[in-house]
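First residue of the sequence shown: 4, per my numbering; consecutive thereafter.
Quick reminder that beta carbons are idealized off the backbone N, C-alpha and C, glycines included.
A short worksheet on the structure shown next.
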Amino acid sequence: MTAVENRAGIKGGEFLIKDTDASQVFIPEEFTEEQLMIAQSCRDFLATEIWPRVEEIDKAKSPELMSSLMDKAGELGLLGTAVPEEYGGFGMSFNTSMLVAEATGAGNSFSVALSAHTGIGTLPILYYGNDDQKSQYLPKLASGEWKAAYCLTEPDSGSDANSGKTKAVLSEDGKSYILNGQKMWITNGGFADVFIVFAKIDEGGKTDKNLTAFIVEKTYGGITMNEPEHKMGIKGSDTRQIFFNDCHVPVENMLSDRGNGFKIAVNILNIGRIKLAVAAVGGAKQVATQAIQYANERKQFGIAISTFGAIKHKLAEMAVKLYASESASYRAGQNIDDAIADLKEKGLSDAEAKLKALEQFAIECAMMKVHGSEVLDYVVDEGVQVYGGMGFSADAPMDRAYRDARINRIFEGTNEINRMLTVDMLLKRAMKGEIDLMGPAMAVGKEIMSIPDFSVSDDETPFAAEKKVIKNLKKAALMVAGAAVQKFMMKLSEEQEILMNVADMAIEIYAAESAVLRTEKLIGMKGDAACALQKDLAMCYLHEAVEQINSAGKSAIMGFAEGDELRVMLMGLKRFTKIEPMNTKNARRRIADAMIAENKYVF
């Protein structure tokens with residue numbers, strides 16, 4: 004049985020109601036030598052071209068420097084990883100492109116420019132363009148001859164993307180659409196040759212309800228822009244307001260169908276979200292290594308601060324969170340790859356299969372965007388703390404890392420929006436009958452009214468106890484979500500605090516389960532003794548997840564339940580968030596000691 008066959012049938016969002024076997028997940032340790040070489044070439048590029056020039060990049064007054072760095076990246080093939088070979092790219096698998104995103108994620112402002120070009124700038128044409136559009140634009144975008152930008156956000160249109168006011172009017176001769184409007188926060192705006200622009204078609208004074216997407220070349224005219232924005236972080240990323248003033252776009256440059264723009268935007272954001280997650284992992288690994296190295300160098304009271312328990316705790320906690328985020332991201336990435344392969348076998352084209360697969364795992368994409376960006380924020384914040392006074396100095400690397408990281412909780416839909424989307428998508432699929440959430444939720448409701456099972460399991464298979472914990476955590480989430488749905492029905496969307504509590508429960512379950520499954524599979528590959536530290540990582544994360552899920556569940560329950568219902572649900576939550584105690588302090592010390600000895604992040 005092949006790996007793809009082994010994972011066949013896994014659907015997005017089903018992790019909450021189905022048990023997953025370790026054989027069904029992909030883990031980073033399974034990347035091939037070729038894939039790891041590709042990732043190393045990306046890291047080498049950062050080391051030679053980006054890190055020595057980060058100050059220059061941040062202080063650049065014009066977009067020429069970033070544009071020239073993108074040219075060099077294009078020469079190495081870094082801009083064409085996801086583009087099929089027939090259009091001058093490498094046609095890599097989705098998970099390989101995720102690995103590239105991780106490997107370049109430590110590149111600060113350059114990473115943002117790169118991801119904007121290869122992701123939201125190129126993929127709309129790759130997935131939605133017709134044959135002529137693909138042939139015309141993809142080879143130039145893959146080589147870096149042309150750079151791309153994505154124009155969706157407007158002054159009054161952010162998370163509510165479909166409220167954009169930019170208009171497109173068909174010219175009298177019917178040969179072009181005339182664009183007028185303003186876009187803001189446009190990454191790569193100052194040097195882009197091609198813009199993916201979203202506008203509403205206005206016909207006879209009547210404006211479409213939905214957006215339409217257009218491929219707009221800078222040479223079409225009628226395009227002006229402000230000076231680069233002054234930002235808190237990613238200062239080297241060229242970010243502009245773009246104005247379209249009677250910009251004539253050939254009718255053949257409409258992307259996909261009229262009114263399909265919002266769907267394009269949403270589906271492309273799914274890709275951006277999960278790739279942002281692994282890019283955050285890459286950036287966080289770099290910061291963790293810097294923190295470890297500084298802790299080994301910095302001496303207080305005559306010894307390196309890395310010998311202090313408080314510092315070890317911080318370093319180990321970075322690794323614990325990173326291990327879980329990395330595990331969950333590549334688990335989801337491979338699920339997408341497997342779904343693509345399955346859909347292509349069923350007759351869908353490559354582009355159709357990729358879009359359908361990404362839509363299928365949109366829940367996981369949203370969850371990982373939240374998790375990855377918040378893990379990065381944790382790591383950079385603790386990195387500053389490890390550096391102490393030097394962490395607050397602009398001469399030390401934590402200053403830039405801290406400022407640059409903050410945008411990731413806003414990019415690709417704020418984390419609040421992504422949390423609410425996670426629950427909204429789960430419930431919509433349940434209502435469509437695609438996922439049976441209410442059946443298991445009702446079963447859990449009956450279970451909390453029954454006498455608890457105090458029997459001791461005789462299952463001695465690896466991680467049997469941990470999997471039982473995870474199974475119970477899923478019951479906790481189903482209990483809370485099911486009760487909230489029954490309580491509020493169609494008005495649940497107005498209870499944003501409760502939605503975010505439920506999302507937090509789901510995210511922690513997915514991350515914890517991924518860490519445990521990764522470790523179980525790794526032990527099967529290398530043996531228990533060789534994976535003792537990975538077991539420490541997974542167990543520490545699982546214990547933290549239990550606490551987080553209990554806290555989020557309690558907040559949600561107290562937000563809508565009263566009296567006997569409140570007491571019964573709190574009792575059920577307590578039952579479902581139990582775990583055998585362990586000495587996590589010593590586990591963290593073992594994790595930290597391993598990294599301190601190697602003077603870098605090693606997992």
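- prompt: Is SER332 near ILE420, with beta carbons less than 8 Å apart?
  reply: Position 329 of the sequence shown, counting from 1, holds the residue named residue 332. Position 417 of the sequence shown, counting from 1, holds the residue named residue 420. No, Cβ-Cβ distance for SER332 and ILE420 is not below 8 Å.
query: Where does ASP249 fall in DSSP's three states?
result: Within the sequence shown, the letter at position 246 stands for residue 249. In this structure, ASP249 counts as strand in the three-state DSSP scheme.
message: Suppose contacts are defined by Cβ-Cβ distances below 8 Å. Is PHE606 in contact with GLU523 by that definition?
response: As a first step, residue 606 is located in the sequence shown; it is residue number 603 there, counting from the start. As a first step, residue 523 is located in the sequence shown; it is residue number 520 there, counting from the start. Contact: no.
message: Helix, strand or coil, according to DSSP, for GLY124 in the structure here?
response: Residue numbering aside, residue 124 sits at position 121 when the sequence shown is read from its first letter. Helix at GLY124.
task: Identify the continuous beta strand (DSSP E) that holds LYS170 and give its terminal residues.
output: As a first step, residue 170 is located in the sequence shown; it is residue number 167 there, counting from the start. Its beta strand (DSSP E) spans residues 170 to 173.
field: MET321 versus PHE311: straight-line alpha-carbon distance, rounded
entry: In the sequence shown, residue 321 corresponds to position 318, counting from 1. In the sequence shown, residue 311 corresponds to position 308, counting from 1. Those two C-alpha atoms are separated by around 16 Å.
query: Quick one, which of VAL254, TYR130, ARG46 has its alpha-carbon nearest LYS359's?
result: Translated into positions along the sequence shown, residue 359 becomes position 356. For the residues VAL254, TYR130, ARG46, the minimum Cα distance to LYS359 belongs to TYR130.
Pairwise C-alpha distance: TRP149 and PRO253: Reading the sequence shown from its first residue, position 250 is the one you call residue 253. Reading the sequence shown from its first residue, position 146 is the one you call residue 149. Approximately 19 Å, taken between the alpha carbons.
message: Can you give me the C-alpha to C-alpha distance between GLY530 and GLN537, rounded to a whole angstrom?
response: The residue labelled residue 530 in the question sits at position 527 within the sequence shown. The residue labelled residue 537 in the question sits at position 534 within the sequence shown. Those two C-alpha atoms are separated by around 11 Å.
- request: Going by CA-CA distance only, name the one from ASP462, VAL323, LYS143 that's closest to ALA548.
  value: As a position in the sequence shown, residue 548 is number 545, starting the count at 1. The residue with the shortest Cα to Cα distance from ALA548 is VAL323.
- prompt: For the alpha helix (DSSP H) that contains ASP398, what are its first and last residues?
  reply: What you label residue 398 is simply residue 395 of the sequence shown in a count that begins at 1. Taken as a continuous stretch (DSSP letters only), ASP398 belongs to no alpha helix (DSSP H), as it is neither H nor E.
query: Which first and last residues belong to the alpha helix (DSSP H) in which ILE501 is found?
result: The residue labelled residue 501 in the question sits at position 498 within the sequence shown. Segment 499 to 529, the alpha helix (DSSP H) holding ILE501.
task: Take GLU2 as the anchor and find which of LEU144, ASN229, GLY264, SER174 has the nearest alpha-carbon.
output: Because the chain here runs from 4 to 606, residue 2 falls outside it and cannot be looked at.
query: Apart from the five residues just before and just after GLY122, which ones in its own chain have a Cβ nearer than 7 Å to its Cβ?
result: In the sequence shown, counting from the first residue as 1, residue 122 sits at position 119. So the qualifying residues of the chain are ILE274, GLY275, LYS278.
field: Per-residue burial, ARG570 [other beta carbons within 10 Å of its own, 16 or more giving buried]
entry: By one-based count along the sequence shown, residue 570 stands at place 567. ARG570 comes out exposed.
field: C-alpha distance - THR210 paired with LYS170, whole-angstrom precision
entry: Numbered from its first residue, the sequence shown carries residue 210 at position 207. Numbered from its first residue, the sequence shown carries residue 170 at position 167. Taking the straight line joining both Cα atoms gives about 8 Å.
message: Cutting at 6 Å between CB atoms, please list the residues of its own chain near ALA408, excluding the five before and the five after it.
response: The residue given as residue 408 occupies position 405 in the sequence shown. Result list for ALA408: LEU379, ASP380, VAL383, in chain order.
- request: State the start and end residues of the unbroken alpha helix (DSSP H) segment that holds MET235.
  value: Stepping through the sequence shown from its first residue, residue 235 is reached at position 232. Taken as a continuous stretch (DSSP letters only), MET235 belongs to no alpha helix (DSSP H), as it is neither H nor E.
query: Under a three-way DSSP split, which group does LEU182 fall into?
result: Here residue 182 refers to the residue found at position 179 when the sequence shown is read from its first residue. Here LEU182 sits in strand by DSSP.
message: Starting from MET228, trace the beta strand (DSSP E) in both directions and tell me its first and last residue.
response: Mapped onto the sequence shown, residue 228 falls at position 225. Per DSSP, MET228 belongs to the beta strand (DSSP E) from 226 to 228.
- prompt: Using the C-alpha atoms, what's the distance from SER179 back to GLY207?
  reply: Along the sequence shown, one-based indexing puts residue 207 at 204. Along the sequence shown, one-based indexing puts residue 179 at 176. Computed Cα separation, rounded: 16 Å.
- prompt: In the structure shown, what three-state DSSP assignment does ASP22 receive?
  reply: Locating residue 22 in the sequence shown gives position 19, counting from the first residue. Reduced to three states, the DSSP call for ASP22 is coil.
query: What are the complete alpha helix (DSSP H) segments, minimum 4 residues, inside the stretch 236 to 319?
result: 264 to 300
message: Quick check: what's the CA-CA separation for GLN136 versus LEU258?
response: Indexing the sequence shown from 1 puts residue 136 at position 133. Indexing the sequence shown from 1 puts residue 258 at position 255. Cα to Cα, the separation comes out at about 8 Å.
Proximity to GLN303 [Cα-Cα], best of ALA342, ASN338, GLY391: To locate residue 303, count along the sequence shown from 1; it is residue 300. Among ALA342, ASN338, GLY391, the Cα nearest to that of GLN303 belongs to GLY391.
query: Under the DSSP definition of a beta bridge, which residues are partnered with GLU157?
result: Along the sequence shown, read from residue 1 onward, the residue named residue 157 stands at position 154. Bridge partners of GLU157: SER160.
message: Could you check whether ILE438 and ILE473 sit closer than 8 Å to each other, using their CB atoms as the reference points?
response: Working through the sequence shown from its first residue, we reach residue 473 at position 470. Working through the sequence shown from its first residue, we reach residue 438 at position 435. No.
- request: Tell me whether the beta-carbon of ALA468 lies closer than 8 Å to the beta-carbon of ASN504.
  value: For the purposes of this step, residue 468 is taken as the residue at position 465 of the sequence shown. For the purposes of this step, residue 504 is taken as the residue at position 501 of the sequence shown. No.
- prompt: Would you report the Cα separation of GLY15 and ARG334, rounded to the nearest angstrom?
  reply: Against the sequence shown, residue 15 aligns to sequence position 12. Against the sequence shown, residue 334 aligns to sequence position 331. Each residue's alpha carbon lies about 11 Å from the other.
- request: Could you work out which residue in ALA509, VAL200, ARG593 is closest to LEU440 when comparing CA atoms only?
  value: Locating residue 440 in the sequence shown gives position 437, counting from the first residue. When each option's Cα is compared against that of LEU440, the closest is ALA509.
- prompt: When you compare only the Cα positions, how much space is there between ALA541 and SER65?
  reply: Within the sequence shown, numbered from 1, the residue matching residue 541 stands at position 538. Within the sequence shown, numbered from 1, the residue matching residue 65 stands at position 62. Approximately 46 Å between the Cα atoms of the pair.
query: Hey, how far is the Cα of THR35 from the Cα of SER138?
result: By 1-based counting over the sequence shown, the position of residue 35 is 32. By 1-based counting over the sequence shown, the position of residue 138 is 135. For THR35 and SER138, the distance between alpha carbons rounds to 31 Å.
message: Cutting at 7 Å between CB atoms, please list the residues of its own chain near TRP54, excluding the five before and the five after it.
response: Position 51 of the sequence shown holds residue 54. If we look at TRP54 and ignore the five residues flanking it on each side, it has no Cβ neighbours.
- request: State the CB to CB distance for the pair ALA151 and PHE265, rounded to an integer number of angstroms; the pair is presumed to be in contact (CB under 8 Å).
  value: For the purposes of this step, residue 151 is taken as the residue at position 148 of the sequence shown. For the purposes of this step, residue 265 is taken as the residue at position 262 of the sequence shown. Wrong, their Cβ atoms sit about 20 Å apart, outside the cutoff.
- request: Can you give me the start and stop residues for the alpha helix (DSSP H) that ASP135 sits inside?
  value: Within the sequence shown, numbered from 1, the residue matching residue 135 stands at position 132. Start and end: 134 to 146.
- prompt: Closer than 8 Å, CB to CB, is ASP61 near chain C or not?
  reply: Here there is only one protein chain, and chain C is not present.
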